[in-house]
Every structure is written in structure tokens, then in C-alpha cells.
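In the numbering used here, each number is its position in the first sequence, counted from 1, plus 236. Every residue, glycine too, gets a C-beta built ideally from N, C-alpha and C. All figures in this text were calculated on a predicted structure; none of them were measured in a lab. Written out below as C-alpha cells is the structure these notes cover.
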Amino acid sequence: MPIKAPRGTYDILPPNSRNWQAMEQSLKEVAGLYGYQEIRTPIFEHTELFERGVGEGTDIVSKEMYTFFDKSGRSLTLRPEMTASCARALIEHSLHTGLLPVKWFYYGPMFRYDRPQSGRYRQFHQFGVEVFGSTSPMVDAEVLMMVVHMLQAIGLSEYRLHINSVGCPSCRESYRQALLAFIDPFSKELCPDCQQRVQQNPLRVLDCKEERCRQAIKGHPRLLDHLCSNCAEHYQRVCHTLLSHNICFEHDDQLVRGLDYYTNTAFEIHIPGIGAQSAVGGGGRYNGLVKAIEGPDLPGIGFALGMERLLLALEQQGTVNRGNGGVEVFVAVMEAQYEEEAVIILQQLRAAGISADKDYMDRKAKAQMKYADKSRAALVLFVGADEVKQGFVTVRNMIDKEQVAIPRVDLVPAITKLLHHNEEAQAQ
RNA sequence: GUGGGUGUAGCUCAGUUGGUUAGAGUACCAGAUUGUGGCUCUGGGGGUCGUGGGUUCGAGUCCCAUCACCCACCCCA
């Protein structure tokens, strides 16, 4: 049995890898426009970091972590997300004592032991940002505007932005009371899962998909109505700013985050039509997180985008870039004895910044031409007896089929010129 | 963790009520006279039919198990 990639993992092969590169580049560029800088953290961390930073009660921690013991018995875990790692790095390097806010972006693989399905893998990739140190609603707005900017930058025009405010622990507690009082009479009509949720995290009942639960909670009190004046104003200012910048969004009462350190703004981006897992991104404010992992009382906000789902959406909306990924120049060797001469030419071209390749399969001239064609080379250089003896190379333009002899001494400038000429012709 | 679907060449798939050396297209390689591509033609390599059992004179075809993939639930990106 040949070894295959582990369940829920996969290879990103060329030419598809180019789509990834393009998307990564676009996202990084936009992050740069907003003043975010890249942070890279370890792929694994102490298990305890995620237990406290993500939350013991979450599915991620209770059943989805790749946890292992190293040779000295430490419990380590492959990161299931990166916010906790960012918070840890912030604390570890005492960056909160420096220039605030700290604005980071990150990109990389995350790991969750889930059952794979469309748009869900065990190793998946996220691009995300985190801002630490500011409670300004303008930061919430900036982050949201940046998400929208990023979607546009990678070519996604159809998406839905849902936002809500989960308030602060105190207004959430008052809402909790109100919600419990409302649900209590109907609690027996709820599904078994929700019976549990009522005990542990009543807010979660709101986004249950079971029909009977949706019926039972019709007319439930709204979180928005229970926000304290500070939280209400915060949310208002976020919404106001988005509106004044023509950002389309919808307020979503059902959008909730369970854990105590989530505060105020919460949001998700959905793209219909990419399967059941339609959330391509999500995030929110977490003013209590840094303190929860024994750091200073520092506010934060962030979001993450799922690369796999963005790519699904791009494929579905038909805007995937299909770049050629080939080489500019192919050097064809007519007789094996001139191979070393060809290598000299190759290195000369490459040193001048021109991508170039040759045959390494001992192919004959005709087969080398086929290979050059498939490599999408714009020019083919022939190196044979006449060329070497007389000090020139024959250059064939693969687009217009014209061939010219170029003296070896003029090679690089002449090739540069021909490539440039081709580019202009193709642009027209 | 639960449910449904699918597993035959690198890829996309045929394979008739179980019956000889398992096929096609595509991709790859090589030819169609001399140092030259995209089209066409010819030929070639490549499969323990996911894996392991079982039924049978005989199984890619039937039964069981297992693994993987796909989709959905839970939940999330």
C-alpha cells in the first residue's frame, strides 16, 4: 500500500499553487495598506495555551485538538487557530509596554481533528489579523473595512457580512437572565442539544437550526436591547462608520460567541453556494482574552479568513487566475556534445533575470520543441554545431515562428528586447 | 462521534444475468527520412480491479469487514 496524505490533508500542486500564491499576495498587500505587519509563531504550542485561550468549553478544545506529548513529556498541541498564539507572543515579549496598538497579520496552516467535508480539512489555512491595545470602535470599523477590501482584492464580489454585538460581560449577563426567563416555559420543547445549551451557554440556543427550537424561541428578547450604554454606543459607532463608507452588512441577532472574553463586535462573512460550510471568515472583539491567559488587561480584535473556502468561492464565481507558470526561454541542444555550452547560456540568462530551462531527458530536437511548447516558453534558443563554431545562437520566436541569428556577445540584451517585444504584442 | 454515497490505468470513466490474456478517452514516451512545437496518423509502457476475508468449478461483477474519498449533521475557517 503506497503511503497517502493523511485524512483531511492534501497537496497543493502546480499549477494550482499559483492561485494560492496570488491570493496570499493580495491579502498581504491589503494588510500592508492598513499598516499591519506579519507575525509568525510556532505551529505547536503548549496545550494549556489553547485550553485557556480558546476555551475549555469549546468544541475545538474538547474534541478537535491534535495534542501529543514530546519526548520529555510536555503536552503540546498543533495550533487550531492563531489568536491565542498572538496573545501569547504579545505577553511573552511585553509588547503591550511599547507602541500601541499592535497590528499584526498572519498566514499559515491550522489543525483541527474534524470530520472532513466540503470546505473543511484537518490541516487548513487561515489568513488573519489581530489588533491589540485599542478599544476604539474605529478599529472595529477598520478591521471590517479591511475584510471587505481583501475580498474585493482577491476578486470576490458576492458575499454577506453579518455583524452583531455581544456586549460586555455585564450586559451579557443581564441578557442571559432575560433570555433564560423567556425560554424557561418552553424549555421542554427544545431539542436535546439545546436542553444542554440552556444549562451551559443559553446564547447558543439562538443559532440552533432545529425547526422546533426556532419556533420555540420566536420573539425572544434581543441582545441589542440589553446592551449597556457603553456597548450600545460602541456598536452604533461601528455600524455608522460602515454605513458612511458604503459597506454592506446585515445585523444578525443570532450571531453569538460563547466565551466570556468575547466582547462587543462579532462578525462572519458568508458566501452562499460553496456548500454547507459557507463561512469564509469570522472574527470579533475579545477584550478579555489577554487577561485570561495571564497577561495585562489589554483589549483586542481580530478575524480569520479560510483559504480553502475562499478558493472554493473563487472557483465558483469563476474568477480564478490561471497563469501559465512556464518559463520565458527554452534552450534546445541539437547535439549532446553542446550540452555544456547550453548550460553556460542558461546561467547567463538566469543571472540576467530571464527565466530559462533546458531538456534533462536526453530528448531529440523535435521532442525538445514539444517540451518547450508545453512549458509555454516564448523563445527557443538552438545550440548546435553551426552556432557553437560560429559564435551565435538561433532564436525562434514561438509566437510568430520567426527565427533570427544572434551573436553570443549580444545575447542577453537581444533576448531581453525580444521578450519585451512579445509582451507588448500580447498586450494588444 | 453519527448518517448517506462512491472506490477499475496518472486523470475521467466503460465493463453486459458472476465465465477465457480487464477496455476506451486523455496524459506520458517513441515513430511518420536529414537540427525545430501546437493538428493528424501509427505504435508503446502503465492496473495485485482500495484492502482483507467469504460464497462459487470460476468474482471487477455477489456477501461481510476494513480503509480512504465525497456529501451532510455537530461545530467551525
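For residue i, three-class secondary structure by DSSP
{"i": "Ala592", "result": "strand"}
{"i": "Phe485", "result": "coil"}
{"i": "Leu314", "result": "strand"}
{"i": "Ser308", "result": "coil"}
{"i": "Leu541", "result": "strand"}
{"i": "Glu281", "result": "strand"}
{"i": "Val640", "result": "strand"}
{"i": "Leu249", "result": "coil"}
{"i": "Ser401", "result": "strand"}
{"i": "Val474", "result": "helix"}
{"i": "Val579", "result": "helix"}
{"i": "Arg396", "result": "strand"}
{"i": "Arg632", "result": "strand"}
{"i": "Gly268", "result": "helix"}
{"i": "Gly289", "result": "helix"}
{"i": "Pro238", "result": "coil"}
{"i": "Gln573", "result": "helix"}
{"i": "Leu491", "result": "coil"}
{"i": "Tyr497", "result": "coil"}
{"i": "Gln662", "result": "helix"}
{"i": "Gln553", "result": "coil"}
{"i": "Asp533", "result": "coil"}
{"i": "Met597", "result": "coil"}
{"i": "Arg243", "result": "coil"}
{"i": "Ile390", "result": "coil"}
{"i": "Thr294", "result": "coil"}
Whole-Å CB distance - residue i paired with residue j, under 8 Å assumed
{"i": "His329", "j": "Pro532", "result": "So it is not a contact: roughly 13 Å between Cβ atoms."}
{"i": "Gly562", "j": "Ala613", "result": "6 Å"}
{"i": "Ala395", "j": "His506", "result": "Going by the sequence as given, residue 395 is Tyr instead of Ala. Between His506 and Tyr395 the Cβ distance is about 7 Å, and since that is below 8 Å, they are a contact."}
{"i": "His456", "j": "Leu392", "result": "Going by Cβ atoms, the distance from His456 to Leu392 rounds to 33 Å, so no, they are not a contact pair."}
{"i": "Glu542", "j": "Gln362", "result": "Strictly speaking, residue 542 in this sequence is Gly, with Glu absent from that position. Between Gln362 and Gly542 the Cβ distance is about 6 Å, and since that is below 8 Å, they are a contact."}
{"i": "Ala389", "j": "Ser253", "result": "Not a contact, Cβ separation roughly 19 Å."}
{"i": "Val434", "j": "Ile419", "result": "6 Å"}
{"i": "Asn523", "j": "Thr371", "result": "7 Å"}
{"i": "Glu425", "j": "Arg448", "result": "6 Å"}
{"i": "Val526", "j": "Ile275", "result": "The pair is not a contact, with the Cβ atoms about 15 Å apart (cut-off 8 Å)."}
{"i": "Tyr342", "j": "Cys322", "result": "7 Å"}
Beta-carbon contacts of residue i that lie in its chain and below 7 Å, excluding the five residues immediately before and after
{"i": "Phe286", "result": "Val297, Met301, Thr313, Pro316, Ala320"}
{"i": "His487", "result": "Ile399, Asn400"}
{"i": "Ala241", "result": "Asp247"}
{"i": "Ala641", "result": "Phe628, Thr630"}
{"i": "Phe304", "result": "Leu312"}
{"i": "Gly620", "result": "Met570, Glu571, Tyr574"}
{"i": "Phe347", "result": "Tyr302, Leu314, Arg315, Pro316, Arg358, Gln359"}
Residues bridged to residue i [DSSP beta-bridge criterion]
{"i": "Gly520", "result": "Ala502, Gly538"}
{"i": "Gln303", "result": "The amino acid occupying residue 303 in the given sequence is Thr; Gln does not appear at that position. Answer is Thr313."}
{"i": "Glu274", "result": "Phe341"}
{"i": "Thr371", "result": "Its beta-bridge partners do not exist; DSSP assigns none."}
{"i": "Ala667", "result": "Coverage of the chain is limited to positions 237 through 664, which leaves residue 667 absent and any answer about it impossible."}
{"i": "Val565", "result": "Ala592, Leu615"}
6 Å CB neighbourhood of residue i in its chain, flanking five on each side removed
{"i": "Val367", "result": "Pro337, Lys339, Val375, Ile537"}
{"i": "Ala325", "result": "Thr277"}
{"i": "Glu638", "result": "none"}
{"i": "Leu397", "result": "Phe485, Ile505"}
{"i": "Pro373", "result": "His470, Arg473, Val474"}
{"i": "Glu577", "result": "Val619, Val624"}
{"i": "Ser410", "result": "His462"}
{"i": "Val648", "result": "Ala588"}
{"i": "Ala502", "result": "Asn400, Val402, Leu491, Arg493, Gly520"}
{"i": "Met259", "result": "Ile390"}
Close-in-space but distant-in-sequence residues of the same chain around residue i (CB under 8 Å, 5 per side omitted)
{"i": "Pro352", "result": "Arg243, Gly244, Arg358"}
{"i": "Ile668", "result": "This structure gives no information on residue 668, because the portion of the chain shown stretches from 237 to 664."}
{"i": "Leu655", "result": "Glu564, Val565, Ile590, Ala614, Leu615"}
{"i": "Asp593", "result": "Val563, Val565, Phe566, Val567, Leu582, Ser611, Ala613"}
{"i": "Val379", "result": "Val365, Val367, Gly519, Ile537, Gly538, Phe539"}
{"i": "Pro405", "result": "Asp496, Thr499, Gly524"}
{"i": "Val266", "result": "Met382, His385, Met386, Ala389"}
{"i": "Gln584", "result": "Leu647, Val648"}
{"i": "His282", "result": "Arg310, Ser311, Leu312, Thr313"}
{"i": "Ile483", "result": "Leu380, Met381, Val384, Leu397"}
(request) For the region 315 to 368, list the beta strand (DSSP E) runs that are entirely contained and at least 3 residues long, ordered along the chain. (result) 338 to 347, 359 to 368
(request) Just list the alpha helix (DSSP H) runs in the region 423 to 467, keeping only unbroken ones of 4 residues or longer that don't cross its boundaries, in chain order. (result) 428 to 436, 447 to 452
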